[in-house]
Amino acid sequence: MSAAGPVVVRAARDDELAAVGALTARAYVADGLVDARHWYADELRDARTRAAQATLLVAVDATTDDLLGTVTLAAPGTRYAEVARADEVELRMLAVDPARRGAGVAEHLVRGALRTAVAGGARDVVLSTLDPMTAAQRLYARLGFVARPERDWTDEVTMRVRTWHAPPAPGVDVEVATWPPLRTVDVDGWRVGLSRGVTRRASSTVAPCAVADLPSAVDRVEALYRADGAPSTFRVGDPGNPSGLVAELDRRGYAVASLTDVLVHDLDPLPRGRAAGAAATGDVAPGRVRVADAPDDAWLDGWLRGKGGARDVSRAIVGAAPALYLTATDEAGDDVAVIRAALAGEWVGLSCLQVAPAARRSGWGRSLTTAALAAAAEHGARRAFLQVESHNAGALRLYEALGFRLAHGYAYRELAAGPSTGSR
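For the sequence shown, the numbering used here gives the first residue as 4, with consecutive numbering after it.
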């Protein structure tokens, strides 16, 4: 039985801990990993202690809020960390309801755990797995976990250790440089991006430092967004965010508008001439790619057709940073896909990938992304990044197949319609 709606990974609530514990034990028993009467089954059922002493995450159906699965993240030296070293976070007790398998819930949980780890400042994650867990091991390998046989250990059964390391992220300054707002206002060191609400990347506040009066600073940010005719939006989860920021936003009624993964990829030096002309080797659909240094009307049509938005503001946003604008055409000469490659030092930020509906599932997204990487390498880029909403499993799999790996994760917190409770 698959999930009815999108899968959301979040912290477990107090009122669902009994159900989380029961699900964990039920999954392990169903897989033959533990007997229902074994002492370890009792530990699996004790989700309340896990929630108190570790980070307990759950996967739920976004439509029904039904519980689908769970995973635990443990800090080194704590009760639930078995093998974690000082610089590692340990992933434990991954479990999916046996009746809800086949919908990618385990993948959502592991991705959510990695995102939570890097958002908390960790760069290394470790886990132990059993030989019979072949499906889980395939998932771990695809997500970048590496076998560490020298760290394998035995406690009644032999446990196989896998580790994951987050590659360096571009950082928020590089990300903003490749997608700058129309206007930026400084509020006590916070950078308030104002772009009339067109794209959250250009219409959100980056808060890289503590402020003397946090409620007052949020008040001033909200006033700026009201004047701009856009919802007040903060990007949270970056290094340097004030410790009380999320709690203050919660108090005012801010909701999580989206979760974003930042994926990165090292670029190999490529021969000149690869980007333009014939599309990359291995394309499913034959065609050509043209590269421009400004977004023309045809490119904008291709991008906005898939997402909508105010045309003039959108043009100003995507044209505000040095970038390459690639368009793929099919054999008939029709434009079928577009992408943008924005250059910032050694980095290139990929964005705006849109494929015409009639041309989807023909390899254009893959081939145009490859062409954009090649074009950026010709212009001196050595590392690439892109941002993907964490629920977009199809896009994440495409980019992983091209060599991209998770480096960072953040959330957009947006004020719901209506007045904020403010600082009063």
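Virtual Cβ for every residue (Gly too), placed ideally from N, Cα, C.
request  = Report the residue from R386, D338, E381 and T67 whose alpha carbon sits nearest the alpha carbon of R363.
outcome  = Numbered from its first residue, the sequence shown carries residue 363 at position 360. With distances taken between Cα atoms, R363 lies closest to D338.
query = Any heavy atom of the ligand FMN closer than 7 Å to the CB of R13?
reply = With respect to the ligand FMN, the structure offers nothing, as it holds no ligand at all.
query = In its own chain, which residues sit with a C-beta less than 6 Å from the C-beta of A213, not counting the 5 before and 5 after it?
reply = Counting from one through the sequence shown, the residue named residue 213 turns up at place 210. Closer than 6 Å at the Cβ level, and outside the excluded window around A213, lie P245.
key: Alpha-carbon to alpha-carbon, L112 and G200   = Your numbering for residue 200 matches position 197 in the sequence shown. Your numbering for residue 112 matches position 109 in the sequence shown. Taking the straight line from one Cα to the other gives about 31 Å.
task = Please look up how many angstroms separate the CB atoms of G352 and L389, rounded, as I've assumed it's under 8 Å.
result = For this step, residue 352 is matched to residue 349 along the sequence shown. For this step, residue 389 is matched to residue 386 along the sequence shown. Yes, G352 and L389 are in contact; Cβ-Cβ is about 7 Å, under 8 Å.
Cβ neighbour criterion (16 or more within 10 Å) applied to V221 = In the sequence shown, residue 221 corresponds to position 218, counting from 1. Its Cβ being crowded by 16 or more others within 10 Å, V221 is buried.
key: Nearest residue (CA-CA) to A65, options D189, V10 and A87   = Here residue 65 is taken as the residue at index 62 of the sequence shown, counted from 1. For A65, the closest alpha carbon among the candidates D189, V10 and A87 is that of V10.
task = Could you tell me which of G383, A180, H268 and I342 sits nearest to A431, measuring between CA atoms?
result = Limits of the chain in this structure are 4 at one end and 427 at the other, which puts residue 431 out of reach.
inquiry  = Tell me whether the segment 9-24 and the segment 49-62 touch, counting them as touching only if at least three CB pairs, one residue from each stretch, are closer than 8 Å.
reply    = These segments touch.
query = If you run the structure through DSSP and keep just helix, strand and coil, what is A89?
reply = The sequence position of residue 89 within the sequence shown is 86, counting from 1. DSSP places A89 in coil when its eight states are reduced to three.
inquiry  = Spatial neighbours of A324 within its chain, please: C-beta separation below 8 Å, excluding the five flanking residues on both sides.
reply    = Taking the sequence shown and counting its residues from 1, one reaches residue 324 at position 321. Within the same chain, Cβ atoms closer than 8 Å to the Cβ of A324 are found at A180, T181, W182, P183, A345, L346 and A347, the five residues on either side in sequence being excluded.
request  = Following the continuous beta strand (DSSP E) through A62, name the residue where it begins and the one where it ends.
outcome  = Locating residue 62 in the sequence shown gives position 59, counting from the first residue. Taken as a continuous stretch (DSSP letters only), the beta strand (DSSP E) holding A62 covers T58 to D64.
query = For the segment 113-121 against the segment 73-86, are there 3 or more C-beta pairs whose distance is under 8 Å?
reply = At 8 Å Cβ cutoff, the stretches touch.
message = Quick check on the burial criterion: 16 or more other C-beta atoms within 10 angstroms. Buried or exposed for A173?
response = Within the sequence shown, numbered from 1, the residue matching residue 173 stands at position 170. Per the sequence presented here, residue 173 reads as Pro, with Ala not at that position. P173 is buried by the Cβ-count criterion.
request  = Say whether chain C places a C-beta atom closer than 8 Å to the C-beta of A313.
outcome  = Protein chain content of the structure displayed is limited to a single chain, and chain C is not contained in it.
Backbone secondary structure at A420 - three-state DSSP = One-based indexing of the sequence shown puts residue 420 at position 417. Taken through DSSP and simplified to helix, strand or coil, A420 comes out as coil.
query = Alpha carbon to alpha carbon, how far is A22 from V99?
reply = The residue given as residue 22 occupies position 19 in the sequence shown. The residue given as residue 99 occupies position 96 in the sequence shown. So the alpha carbons of these two residues sit roughly 12 Å apart.
request  = Pick helix, strand or coil for A25, following the three-state DSSP scheme.
outcome  = Sequence index remark: in the sequence shown, residue 25 carries index 22 (1-based). It is helical.
key: Check whether S261 and Y415 have beta carbons under 8 Å apart   = The residue labelled residue 261 in the question sits at position 258 within the sequence shown. The residue labelled residue 415 in the question sits at position 412 within the sequence shown. In contact: S261 and Y415 (Cβ atoms closer than 8 Å).
ask   = Shortest alpha-carbon distance to V209 belongs to which of R318, V195 and V265?
value = On the sequence shown, position 206 is the one that residue 209 refers to. V209 has its Cα closest to that of V195, out of R318, V195 and V265.
Exposed unless 16 or more other CB atoms sit within 10 angstroms - verdict on G285 = Locating residue 285 in the sequence shown gives position 282, counting from the first residue. At G285, the pLDDT of 39 sits below 50, so the modelled position is not reliable; the number obtained from the coordinates is stated separately. Classification of G285: exposed, given that the 10 Å Cβ count is below 16.
request  = Could you pull out every residue in the same chain whose Cβ sits closer than 6 Å to the Cβ of Y143, ignoring the five residues on either side in sequence?
outcome  = Mapped onto the sequence shown, residue 143 falls at position 140. The residues R165, in chain order, have a CB closer than 6 Å to that of Y143 in the same chain once the five nearest residues on each side in sequence are set aside.
ask   = What does DSSP give as the partner residues of I320 in its beta bridges?
value = Counting from one through the sequence shown, the residue named residue 320 turns up at place 317. Looking at the DSSP assignment, I320 forms no beta bridge with any residue, so it has no partner.
key: Residues of its chain near A44, where Cβ-Cβ distance is below 6 Å and the 5 sequence neighbours each way are ignored   = For this step, residue 44 is matched to residue 41 along the sequence shown. So the list reads A28 and V37, once near-sequence residues are dropped.
key: Member of G312, Y328 and G305 whose CA lies at the smallest distance from the CA of A295   = Mapped onto the sequence shown, residue 295 falls at position 292. Here the closest residue by C-alpha is Y328.
query = So what's V121 in DSSP terms, helix, strand or just coil?
reply = For the purposes of this step, residue 121 is taken as residue 118 along the sequence shown, with counting starting at 1. DSSP places V121 in helix when its eight states are reduced to three.
task = Taking only runs that begin and end inside the segment 330-416, name each unbroken alpha helix (DSSP H) of 4 or more residues, in chain order.
result = Counting only runs of 4 or more, we get 367-381 and 396-404.
DSSP beta-bridge partners of W193 = For the purposes of this step, residue 193 is identified with residue 190 of the sequence shown, where counting begins at 1. Checking the DSSP bridge columns, you'll see W193 partnered with V190.
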